[in-house]
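With the UniProt record's numbering applied, the sequence shown corresponds to residues 1 to 240, in that order. To keep things clear, I will list the structure first and then write my remarks on it.
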Amino acid sequence: MILLISDLHLEEGRPDITRAFLRFLDDRASHAEALYILGDFFEVWIGDDGMTPFQIDIAGALKALSERGTRIFLMHGNRDFMIGRRFCRQAGCELLHDPHVAKLRNERVLLMHGDSLCTRDTGYMRLRRWLRNPISLFVLHQLPLAKRQQLASRLRSTSKTETRMKASDIVDVTPDEVIKVMRRYKVRTLVHGHTHRPAVHDMQVDGRSARRIVLGDWDRQGWALQIDESGAHQQPFALD
């Protein structure tokens with residue numbers, strides 16, 4: 001069994017999500033071969049040197065899971081793209097590049113966070129290119145923690161305001177971009193998060209059947225995609 005989750009947005013202000021995640025690790029992930037976390041695991045991340053006791057505890061929970069035999073893979077999201085090697089060492093997980101092709105149950109599956117597919121949101125794409133530029137990342141890491149925290153808070157506030165004002169199709173993936181990426185990586189299944197719109201979309205890529213599986217976010221309920229001998233299944237579950 002393989003499990004995939006995304007968009008938990010873990011933070012101290014949502015203890016219900018934290019409790020549900022820790023139960024998820026004990027009840028389900030401990031029986032899995034692998035756990036893939038496809039971005040926005042944390043609500044905000046200002047650098048491994050700024051880890052809070054809460055974030056250190058989460059790393060410890062992941063480390064305990066890895067020591068029980070479950071392989072853990074983590075991908076950056078748009079909220080936690082500054083997670084680095086120090087956290088991964090403490091959490092016992094492997095950091096994946098976005099996109100990443102994984103062999104899941106003998107199928108090549110493309111894994112992404114999903115924000116890079118939202119190409120119609122030109123303002124966000126400009127900001128993303130700037131934030132992910134190695135020079136920008138270097139500069140950000142040199143800023144004092146307090147300054148990074150201020151910048152992160154401002155970016156979160158601006159993002160929430162702009163998202164509410166944008167049309168729903170603007171903040172969703174661009175269909176042509178999805179096909180282009182799947183064609184580039186020669187896959188028939190794409191799994192991503194980011195949009196908070198859990199669903200399975202059947203589609204055609206170069207005349208062949210394909211599918212795009214969107215992972216759900218953890219807010220009013222939790223979501224996990226399970227891949228096993230019977231196929232791929234995603235079901236919500238109560239946080240409390």
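We put the CB at the ideal spot given by N, CA and C, even for glycine. All values reported here derive from a predicted model rather than from experimental measurement.
- Here residue 41 carries a coil assignment [DSSP, helix/strand/coil].
- Residues 92 of the same chain have their beta carbon placed closer than 7 Å to that of residue 67, with the five preceding and five following residues left out of the count.
- Shortest Cα-Cα distance from residue 16 to any of 231, 121, 222 and 153 involves 222.
- Counted as a single uninterrupted DSSP element, the alpha helix (DSSP H) harbouring residue 59 occupies residues 53-67.
- Within the same chain, Cβ atoms closer than 6 Å to the Cβ of residue 149 are found at 46, the five residues on either side in sequence being excluded.
- Per the C-alpha coordinates, the member of 22, 117 and 205 positioned closest to residue 214 is 117.
- 7 Å or more divides the Cβ of residue 8 from the Cβ of residue 113.
- The segment 88-102 and the segment 43-61 touch, with no fewer than 3 CB-CB distances between them shorter than 8 Å.
- Using a C-beta cut-off of 8 Å, the segment 95-112 makes contact with the segment 75-82, since at least three inter-stretch Cβ pairs fall below that distance.
- Sequence-distant partners of residue 25 (beyond 5 residues in either direction) whose C-beta falls short of 7 Å from its own C-beta, in its chain, are 61 and 65.
- Note on residue 3: 16 or more other CB atoms within 10 angstroms of its CB, so buried under the neighbour-count rule.
- Cβ atoms of residue 105 and residue 227 come within 8 Å of each other, at about 6 Å.
- Counting only residues of its own chain and dropping the five nearest sequence neighbours on each side, residue 192 has a CB closer than 6 Å to the CB of 112 and 114.
- Residue 18 sits buried, since 16 or more C-beta atoms from the chains shown fall within 10 Å of its C-beta.
- Each of 36, 11 and 156 was checked against the Cα of residue 1, and the nearest Cα belongs to 36.
- Counting only runs of 4 or more residues that sit fully inside the segment 140-226, the alpha helix (DSSP H) segments are 145-165 and 175-185, in chain order.
- Classified as buried, residue 55 has 16 or more neighbouring CB atoms from the shown chains inside 10 Å of its CB.
- The C-alpha of residue 198 lies about 13 Å from the C-alpha of residue 190.
- Counting every other CB atom within 10 Å of its CB across the protein chains shown gives residue 21 a total of 16 or more, marking it as buried.
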